[in-house]
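A.B. asks:
Protein chains: 2
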Amino acid sequence: MKAGRPTLQNRLIAGLPQAERESLLHSCADVELNFGDKLCSQREPYIYAYFPLTAIISLMASMEGHPPMGVSIIGHESMLGVSLLLASDLAPQHAIVQGAGMALRISVSDLCEALVESPVLLHSMQRYCFRLTAQLGQTTVCTRFHQVEARLARWLLMTHDRAHADHFYLTHEFLADMLGVQRSAVTIASGVLKQGGLIGYSRGRISILDRAGLEAVACECYMADRLLVPD
Amino acid sequence: MKAGRPTLQNRLIAGLPQAERESLLHSCADVELNFGDKLCSQREPYIYAYFPLTAIISLMASMEGHPPMGVSIIGHESMLGVSLLLASDLAPQHAIVQGAGMALRISVSDLCEALVESPVLLHSMQRYCFRLTAQLGQTTVCTRFHQVEARLARWLLMTHDRAHADHFYLTHEFLADMLGVQRSAVTIASGVLKQGGLIGYSRGRISILDRAGLEAVACECYMADRLLVPD
DNA sequence: GGCTGTCTGTACGGTATCGTACATTCAAAC
DNA sequence: GTTTGAATGTACGATACCGTACAGACAGCC
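Order-wise, the sequence lines are chains A and L.
Here our numbering runs 31 ahead of the position in the first sequence, where the first position is 1.
Here our numbering runs 31 ahead of the position in the second sequence, where the first position is 1.
1) Going by Cα to Cα distance, which pick from L:144, L:158, L:122 is closest to residue 162 of chain A?
2) Using the Cα positions of residue 105 of chain A and residue 239 of chain L, report the straight-line distance between them to the nearest angstrom.
3) How far does the beta strand (DSSP E) with residue 61 of chain L in it reach, from first residue to last?
4) Since residue 198 of chain A sits in a beta bridge, which residues does DSSP pair it with?
5) Leaving out five residues before and five after residue 141 of chain A in sequence, what residues of the same chain have Cβ atoms less than 6 Å from its Cβ?
6) I need the straight-line Cα distance from residue 185 of chain L to residue 221 of chain A, nearest angstrom please.
7) Curious, which full-length alpha helix (DSSP H) runs of at least 4 residues does the segment 110 to 195 of chain L contain?
8) Could you tell me which residues DSSP pairs with residue 71 of chain A in its beta bridges?
9) Go to residue 90 of chain A, then tell me how far its beta strand (DSSP E) extends in each direction, as first and last residue.
10) Are three or more beta carbon pairs between the segment 36 to 47 of chain L and the segment 82 to 102 of chain L nearer than 8 Å?
11) Use the C-beta contact count for residue 32 of chain A: other C-beta atoms within 10 angstroms, 16 or more gives buried, fewer gives exposed.
12) Under 9 Å Cβ-Cβ, which residues of chain L neighbour residue 157 of chain A?
13) Is the beta carbon of residue 172 of chain A less than 8 Å from the beta carbon of residue 92 of chain L?
14) By alpha-carbon positions, which one of L:159, L:193, L:204, L:146 ends up nearest to residue 54 of chain L?
15) What does the Cβ neighbour count give for residue 233 of chain L, buried or exposed, with the cut at 16 atoms within 10 Å?
16) Looking at residue 165 of chain L: is its Cβ nearer than 8 Å to the Cβ of residue 259 of chain L?
17) Report the option in L:174, L:129, L:231, L:167 whose CA atom is closest to the CA atom of residue 198 of chain L.
18) Identify, in the order they occur along the chain, each residue of the same chain with its Cβ nearer than 8 Å to the Cβ of residue 160 of chain L, setting aside the five sequence neighbours on each side.
19) If residue 126 of chain A sits next to residue 111 of chain A, beta carbons under 8 Å apart, how far is it from one beta carbon to the other, in whole angstroms?
20) What's the call for residue 48 of chain L, buried or exposed, on a 16-neighbour Cβ count within 10 Å?
21) On the CB-based measure, 16 or more other CB atoms within 10 Å of its CB, does residue 218 of chain L come out buried or exposed?
22) Which word fits residue 129 of chain A, buried or exposed, when buried means at least 16 other C-beta atoms lie within 10 angstroms of its C-beta?
23) Checking contacts by CB at 8 Å: is residue 161 of chain A closer than that to chain L?
24) At the 8 Å Cβ level, is residue 172 of chain L part of the contact set with chain A, yes or no?
25) Sort out for me which residues DSSP pairs residue 100 of chain L with in a bridge.
26) Taking only beta-carbon atoms, is residue 32 of chain L less than 8 Å away from chain A?
27) Run through the DSSP bridge pairs and tell me what residue 83 of chain A is partnered with.
28) In this structure, how does DSSP classify residue 228 of chain L when only helix, strand and coil are distinguished?
29) Show which residues of chain L have a CB atom less than 8 Å away from the CB atom of residue 112 of chain A.
30) Might you give, ordered along the chain, the residues of its own chain that have their beta carbon closer than 7 Å to the beta carbon of residue 254 of chain L, omitting 5 neighbours on each side?
31) Judging by CA-CA distance, which residue of L:150, L:56, L:51, L:67 is the nearest neighbour of residue 201 of chain L?
32) In chain order, what residues of the same chain lie with their CB nearer than 8 Å to the CB of residue 251 of chain A, ignoring the 5 residues before and after it?
33) Got a sec: which bits of the segment 78 to 93 of chain A sit with their beta carbon under 9 Å from any beta carbon on chain L, in order along the chain?
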């Protein structure tokens, strides 16, 4: 595998010392992830772990009788598979590609080997796992108490942080599943944000027009989570 | 510190090889935890970690403008502080004593030292941390979709599993905070469970009268979580 | 035995969202 | 250019729960 610049788009990889990075990249494959791809299933073994470069992955929790609901987002700042640190090869949640793009893929066994030899990788994954734990607790309370409009704004901001442009593709239907609400509730909330000039959208293409405004509308959960980003 | 039988009430400790256990117990102090004690605060450093013997601890996530809400329960099957594995000395959630009783207390630094020398302890903590991660995702969806009655039944069952009797002490007010609902909603839901002969209660003393019946009323989230218990 | 504070029962208007249905708009395919 | 399907707009009764208020019941204290 080539170790060219694009791999540095992933912050976790970019943070590795060169020797560790090159060793890790030897086990990685460049893959293109398509919208809707399912990368792992809740309570089933991971097949691969992924370091997103431009792709965006949603973690989703599911339950009988309801469509899976979004609980976290993973982009180039992190990776899918941090829970492999935790003495289990099972995925705690489903992982779905919410933004098509490139990622580095590594087998579970290769990742585990790399962990033994790369203390920096281990440390980074630990930090991100901590962040996920804090975030999941926060999301529970957020989902319970905050209204659709604020939660929608939060999800759009989290996506924007991981997108590489001021626009991306998500339908109301998809967002409704993420937030665990009716599609029509998303349409109404989106309409308000559009009216306010904060976002624009048409047939799945969403534009972030006024980030500061969106942050004002979003619940504090968005900022609370950002504060946990290392550095 | 004495290494008498009572310490084996904690499953995590009981599972250690004798040498590792005795070494760990040297750093532990027997403490009595009182109802309502706050053992750590969300996003603040842990002072101590705790291995409950008979005490029960609630993990609670909080947010401005709302009372903290329960997201998990810790009893003799586990410990408070598993996230110390994750390269951070901060607690992801608040921890409150929901059932008075005994626990073993250990300082963060002593625990970290013990981790280096006890691979079994490390492994157990990793497993429980995985379980917590899965549980937090599950709880998010549960809180969103399941009704108060089912969630109340789930919480009572989780408490019962960690209590050492068929009765324990929790007021409607306290349960309301745990579930993130109004106190009056808990009174109504409890009334239904009492009518059905599943539980009894009076002035804070709750009796589990029909466990199987409660399990039938509780959402599947209760069983989903139990399946993750090692063994 | 009466007082007091806590716990529980109950009521009731208000509201966010549900669940569902149907109309409209637009992009792409034919 | 027309058809088709997906995406979006809108409506509306139903419902679970909110927020609040107040009354009753019980335990402990003086």
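C-beta atoms are modelled at their ideal positions from N, C-alpha and C, and glycine is treated no differently.
None of these values were measured; they are calculated from a predicted model.
C.D. replies: The answer reads as follows:
1) To locate residue 162 of chain A, count along the first sequence from 1; it is residue 131. It is L:122 whose Cα lies nearest to the Cα of residue 162 of chain A.
2) What you label residue 105 of chain A is simply residue 74 of the first sequence in a count that begins at 1. What you label residue 239 of chain L is simply residue 208 of the second sequence in a count that begins at 1. Going by C-alpha positions, residue 105 of chain A is about 42 Å away from residue 239 of chain L.
3) Here residue 61 of chain L corresponds to residue number 30 of the second sequence, with the count starting at 1. Going by DSSP, residue 61 of chain L is part of the beta strand (DSSP E) stretching over 60 to 64.
4) As a first step, residue 198 of chain A must be located in the first sequence, where it is residue number 167. A:238, per the DSSP bridge assignment.
5) Numbered from its first residue, the first sequence carries residue 141 of chain A at position 110. The beta carbon of residue 141 of chain A is closer than 6 Å to those of 58 in its chain, skipping five residues each way along the sequence.
6) The residue labelled residue 185 of chain L in the question sits at position 154 within the second sequence. The residue labelled residue 221 of chain A in the question sits at position 190 within the first sequence. One C-alpha to the other measures close to 35 Å.
7) Entirely contained in the segment 110 to 195 of chain L, the alpha helix (DSSP H) runs reaching 4 residues are, in chain order, 139 to 148, 150 to 176, 179 to 193.
8) On the first sequence, residue 71 of chain A is found 40 positions in, with the first residue counted as 1. For residue 71 of chain A, which the question treats as bridged, DSSP gives the partners A:126.
9) For the purposes of this step, residue 90 of chain A is taken as the residue at position 59 of the first sequence. Residues 87 to 94.
10) Touching, yes, given that three or more Cβ pairs across the two stretches are closer than 8 Å.
11) For the purposes of this step, residue 32 of chain A is identified with residue 1 of the first sequence, where counting begins at 1. Because residue 32 of chain A sits at a pLDDT of 44, beneath the cut-off of 50, its placement in the model cannot be relied upon, and the following sentence gives the value as read from the coordinates. Answer is exposed; the Cβ neighbour count stays below 16.
12) As a working note, residue 157 of chain A is residue 126 in the first sequence. Near residue 157 of chain A (Cβ distances below 9 Å), the residues of chain L are 116, 117, 118, 119.
13) Position 141 of the first sequence, counting from 1, holds the residue named residue 172 of chain A. Position 61 of the second sequence, counting from 1, holds the residue named residue 92 of chain L. Going by C-beta atoms, residue 172 of chain A is nearer than 8 Å to residue 92 of chain L.
14) Counting from one through the second sequence, the residue named residue 54 of chain L turns up at place 23. Checking every option, the nearest Cα to that of residue 54 of chain L belongs to L:146.
15) Here the question's residue 233 of chain L lines up with position 202 in the second sequence. Looking at its Cβ environment, which holds fewer than 16 other Cβ atoms inside 10 Å, residue 233 of chain L is exposed.
16) Working through the second sequence from its first residue, we reach residue 165 of chain L at position 134. Working through the second sequence from its first residue, we reach residue 259 of chain L at position 228. It is a contact, given that the beta carbons lie within the stated cut-off.
17) Here residue 198 of chain L refers to the residue found at position 167 of the second sequence. Checked all of L:174, L:129, L:231, L:167; the closest Cα to residue 198 of chain L is L:231.
18) Taking the second sequence and counting its residues from 1, one reaches residue 160 of chain L at position 129. Cβ neighbours of residue 160 of chain L beyond the five flanking positions: 113, 114, 116, 117.
19) On the first sequence, residue 126 of chain A is found 95 positions in, with the first residue counted as 1. On the first sequence, residue 111 of chain A is found 80 positions in, with the first residue counted as 1. Their Cβ separation, rounded to whole angstroms, is 5 Å, which keeps residue 126 of chain A and residue 111 of chain A in contact under 8 Å.
20) Taking the first residue of the second sequence as 1, we reach residue 48 of chain L at position 17. The residue is exposed, with fewer than 16 neighbouring Cβ atoms inside 10 Å.
21) Residue 218 of chain L sits at position 187 when you count from the first residue of the second sequence. By the 10 Å Cβ count, residue 218 of chain L comes out exposed.
22) Taking the first sequence and counting its residues from 1, the one referred to as residue 129 of chain A is at position 98. A buried status is given to residue 129 of chain A, since no fewer than 16 other beta-carbon atoms sit within 10 Å of its beta-carbon.
23) Translated into the one-based positions of the first sequence, residue 161 of chain A becomes position 130. It does; some Cβ of chain L falls within 8 Å.
24) In the second sequence, the residue the question calls residue 172 of chain L occupies position 141. Yes, contact with chain A.
25) Within the second sequence, residue 100 of chain L is the residue found at index 69, counting from 1. DSSP, once it has assigned bridges, lists L:92 as partnering residue 100 of chain L.
26) Position 1 of the second sequence, counted from the first residue, corresponds to residue 32 of chain L. Interpretation of residue 32 of chain L is limited by its pLDDT of 44, a score under 50 that renders its predicted location unreliable; the figure taken from the coordinates is listed afterwards. Answer no: the Cβ-Cβ gap between residue 32 of chain L and chain A never drops below 8 Å.
27) Position 52 of the first sequence holds residue 83 of chain A. DSSP lists A:134 as partners of residue 83 of chain A.
28) Your numbering for residue 228 of chain L matches position 197 in the second sequence. Three-state result, residue 228 of chain L: coil.
29) As a first step, residue 112 of chain A must be located in the first sequence, where it is residue number 81. Result: empty, since nearest Cβ-Cβ is about 12 Å, beyond 8 Å.
30) Sequence index remark: in the second sequence, residue 254 of chain L carries index 223 (1-based). Hits under 7 Å: none found.
31) Locating residue 201 of chain L in the second sequence gives position 170, counting from the first residue. It is L:67 whose Cα lies nearest to the Cα of residue 201 of chain L.
32) Taking the first residue of the first sequence as position 1, residue 251 of chain A is located at position 220. Cβ neighbours of residue 251 of chain A beyond the five flanking positions: none.
33) If the cut-off is 9 Å between Cβ atoms, the segment 78 to 93 of chain A has 90, 91, 92, 93 near chain L.
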